[in-house]
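Everything below concerns the one structure shown next.
In my numbering, the protein residues as written are 19 to 179.
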C-alpha cells in the first residue's frame, strides 16, 4: 500500500504542479464564475465551489505532505553521507532529525557559542565599512556602492588598522 501511494503521490505532485493543471483550475473557476448569473448566484452555486475546493485542498494536503517528507528524508540522507565522508566532521551530527527538541536546542546553543566570536568580528567589519562609507560621504543605502565594493572598502578599512 505504501509503495502504491508513493508512486501515486509522485505522479500527482508532478501533475498538480504543472502549468496545465493551473490552467485547468483557472478554467474551472472561470466556468463557475460565468455560470453565476445562470444560477442566480444562489447558495447552491456558491456551495459547489466551496465544497469542491475544500475536498481538493484536503486531498492535496496529504500529497504535499508526502512529497515534503520524502524530499526532507532524501536531503537528510545526502547530508548524513557528506558528514560521514568529510574528514574532521563530527559524525555524531548524523541523524540530528531524530533528536528531541531539548537536545536540538542544546546543540544550537553549542554552535552559537562556537560562532559567537566570529559573528562579533563580522559586526565589527560591518561597522568599519559603514564608517569608511560615511567618511567618503556615501550612504550604503543610496546604492552608490555595490555590496562587492563595500566589502572591498571594508577590507581596506580593516587592513589599515
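Ideal placement from N, C-alpha and C gives every residue a C-beta, glycine not left out.
(message) Let me make sure I understand the geometry here. Which of 97, 126 and 124 has the alpha-carbon closest to that of residue 112?
(response) 97
(request) Alpha carbon to alpha carbon, how far is residue 85 from residue 140? Give it in angstroms, no decimals. (result) 38 Å
(request) In angstroms with no decimal places, state the Cα-to-Cα distance between residue 110 and residue 67. (result) Each residue's alpha carbon lies about 51 Å from the other.
(message) Distance check for residue 59 and residue 43, CA to CA, integer angstroms please.
(response) 20 Å
(message) Here's the rule: buried if 16 or more other CB atoms are within 10 angstroms of the residue's CB, otherwise exposed. What is residue 81?
(response) buried
(request) Tell me where the alpha helix (DSSP H) around residue 135 begins and ends. (result) 119–153
(request) Go ahead and label residue 30 buried or exposed: buried means 16 or more other beta carbons lie within 10 angstroms of its beta carbon, across all protein chains shown. (result) buried
(message) Going by C-alpha to C-alpha distance, which of 116, 76, 108 and 135 sits closest to residue 94?
(response) 116
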